[in-house]
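Below you'll find the structure, written out as structure tokens, and then a few comments.
Numbering (UniProt numbering), first residue to last: 1 to 515.
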């Protein structure tokens, strides 16, 4: 046949014999021998054993034969190992563990524990019924400060003040303090009085105390108390919260005399955002002695790390205050406190506070319940979980004839201040707000807190309910819950609080609400 394109080759035995042979087992053995020899060259040589004395019964030729046999046996073992490695998949090592439940392992790895200094805290009595008179602190206080407290109508000493003020005024090396006390328990006076008394004898002005608070409203409240407390002393203070421009605040903080810059105040009250701006602009904190962080559990951020870079850590005493301070172990561990001591009064229900829960079926029932709860003598803070909800609820309540204002995050500072002034004077009956805006507000006239939206955590509920029943006075915290809403029950159980359950049908009126 020709060599055409469609020719089919015939079976020819002599042609098959000429084909290349498949690799035999010997070729694998040769390659295994080569790899074993390379590996032996790379292995460290064994230590030489002491040679035994040769005897007549042990000829030299027999010894050489045994050595050769040993090397041959070793080569065969290495070859067998290489063959197994080529023909079989490697087995898993015995010490390798497979984690079946990955999520459980993540939870176990992320579980945080409280620092050791939190294990044995000093317990603060939460009883406001039999408060000791102000004269009990007379022996610890300077006469000027004592007179200023009397002028501010302070007649009694709260439990947290009784425990912390003598601790901060005593002599000895300073140690950092973390204080967990209910809202309205007198924490502002607790840290201001020792700071003012210890700085009264300073020689030249310098920033020696820094008080950081989460909101401008709370910073303004602390600033007003400080001004009353430093009367008839040579101390000066200033608030930096964004009410004026950064350039104006910097000019007030520093004055130039003879070509040198000098600080003009001793105590700075600031919010974290504006404090970061001043740290970037070169604020001098080398003489800082006291750092107070109020509402400390909500004050995370880069400002604290940058502040530590600007201060002398050996001189600064940190004082942390919050109603829910011991609820976050990771945050407490990251604060890097020096010889810290924890004071706590727990999450017990404050004296004078009544917890109530009202269930509703439909969402359109909630505004009607709110309108029925607000009476002529009611001064209520209504909490929602978003700024949009605050504005919408305020419009809805105003249409029904209620005197209310919202202080959502979009408002200007003067608008919030104006709303709070109206609330204090009784011109409006309710303020609708979020947790961020209302945190730390000191409103003695507030007798009712209404949770239009259930708080997202137990700590948040503590701060909300703390806006009323301050310093042992009477107050009520009302929470609106859906019929099948169980988180509220778990929250109350976690806080160890009791509550009264009320029916929404008794609160509703038949008058229609405009949407």
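We put the CB at the ideal spot given by N, CA and C, even for glycine. Note that this is a predicted model, so its numbers are computed, not measured.
{"Item": "Among all the DSSP beta bridges, which residues are the ones paired with residue 503?", "Value": "359"}
{"Item": "Where do the N-terminal and C-terminal ends of the alpha helix (DSSP H) with residue 221 fall, by residue?", "Value": "216-229"}
{"Item": "Under three-state DSSP, which class holds residue 119?", "Value": "coil"}
{"Item": "Skipping 5 residues on each side, what residues in its chain have a beta carbon closer than 7 Å to that of residue 333?", "Value": "115"}
{"Item": "Considering just the uninterrupted stretch of the beta strand (DSSP E) at residue 294, what are its terminal residues?", "Value": "290-294"}
{"Item": "Identify the continuous beta strand (DSSP E) that holds residue 180 and give its terminal residues.", "Value": "177-180"}
{"Item": "Assuming residue 205 contacts residue 266 under a Cβ cut-off of 8 Å, what Cβ separation, rounded to an integer in Å, is found between them?", "Value": "6 Å"}
{"Item": "Could you tell me the distance, in whole angstroms, from the CA atom of residue 132 to the CA atom of residue 232?", "Value": "27 Å"}
{"Item": "Can you give the beta carbon distance from residue 384 to residue 452, rounded, assuming they're within the 8 Å contact cut?", "Value": "5 Å"}
{"Item": "Only counting the same chain, and skipping five residues up and downstream in sequence, which positions put a Cβ closer than 6 Å to that of residue 308?", "Value": "none"}
{"Item": "Kindly list the residues whose CB is nearer than 8 Å to the CB of residue 498, restricted to its own chain and excluding five residues on each side of it in sequence; keep chain order.", "Value": "349, 355, 492"}
{"Item": "Look at the alpha carbon of residue 475 and the alpha carbon of residue 353, and state the distance between them as a whole number of angstroms.", "Value": "5 Å"}
{"Item": "Roughly how many angstroms separate the alpha carbons of residue 371 and residue 463, rounded to a whole number?", "Value": "24 Å"}
{"Item": "If we ignore side chains and look at the alpha-carbon of each, how far apart do residue 189 and residue 149 end up?", "Value": "9 Å"}
{"Item": "Are there 16 or more other CB atoms within 10 angstroms of the CB of residue 379, so buried, or fewer, so exposed?", "Value": "buried"}
{"Item": "Taking the alpha-carbon of residue 194 as reference, which of 40, 144, 153 has the nearest alpha-carbon?", "Value": "144"}
{"Item": "Could you check what DSSP says for residue 530 in three-state terms: helix, strand or coil?", "Value": "No answer is possible for residue 530: the residues shown for the chain start at 1 and end at 515."}
{"Item": "Given a threshold of 16 other Cβ atoms within 10 Å of its Cβ, counted over all protein chains shown, does residue 85 qualify as buried or as exposed?", "Value": "Since pLDDT at residue 85 reaches only 48, below the 50 mark, its modelled position is unreliable, and the value read off the structure follows with that caveat. Under this definition residue 85 is an exposed residue."}
{"Item": "Could you check what DSSP says for residue 81 in three-state terms: helix, strand or coil?", "Value": "With a pLDDT of 48 at residue 81, under the threshold of 50, the modelled position of this residue cannot be trusted; read the value that follows with caution. Three-state result, residue 81: helix."}
{"Item": "Can the beta-carbon of residue 319 be found closer than 9 Å to that of residue 218?", "Value": "no"}
{"Item": "Who are the near neighbours of residue 228 in its chain, counting only those whose CB is closer than 8 Å to its CB and skipping five residues on each side?", "Value": "148, 151, 152"}
{"Item": "Do you know offhand how far residue 40's Cα is from residue 28's?", "Value": "18 Å"}
{"Item": "With the cut-off set at 9 Å, would you say residue 381 and residue 298 are in Cβ contact?", "Value": "no"}
{"Item": "Determine contact between the stretch 260-276 and the stretch 199-216, defined as no fewer than three beta-carbon pairs at a distance below 8 Å.", "Value": "yes"}
{"Item": "Would you say the beta carbon of residue 134 is closer than 8 Å to some non-hydrogen atom of the ligand ATP?", "Value": "In the structure shown, the ligand ATP is absent, as is every other ligand, since no ligand is present at all."}
{"Item": "Pull up the distance between the alpha-carbon of residue 325 and that of residue 259, whole angstroms please.", "Value": "45 Å"}
{"Item": "Given residue 391, which residues of its chain have a CB within under 7 Å of its CB, disregarding the five upstream and five downstream residues?", "Value": "406, 408"}
{"Item": "Please tell me whether residue 431 and residue 404 are closer than 9 Å, where the distance is taken between their beta carbons.", "Value": "yes"}
{"Item": "Spatial neighbours of residue 294 within its chain, please: CB distance less than 6 Å, with the 5 preceding and 5 following residues excluded, ordered by chain position.", "Value": "213, 321"}
{"Item": "Please report the distance separating the alpha-carbon of residue 389 from that of residue 450.", "Value": "14 Å"}
{"Item": "Answer yes or no: do residue 345 and residue 185 have a C-beta to C-beta separation smaller than 9 Å?", "Value": "yes"}
{"Item": "Check for me: the beta strand (DSSP E) holding residue 419 runs from which residue to which?", "Value": "Premise fails: residue 419 lies in the alpha helix (DSSP H), 413-425, not in any beta strand (DSSP E)."}
{"Item": "Out of 136, 234, 179, which one is the CA nearest neighbour of residue 155?", "Value": "136"}
{"Item": "Near residue 177, which residues of its chain fall below 6 Å by C-beta distance, leaving aside the five closest residues on each side in sequence?", "Value": "319, 341"}
{"Item": "Distance check for residue 192 and residue 469, CA to CA, integer angstroms please.", "Value": "23 Å"}
{"Item": "For residue 262 versus residue 239, is the C-beta spacing smaller than 9 Å?", "Value": "no"}
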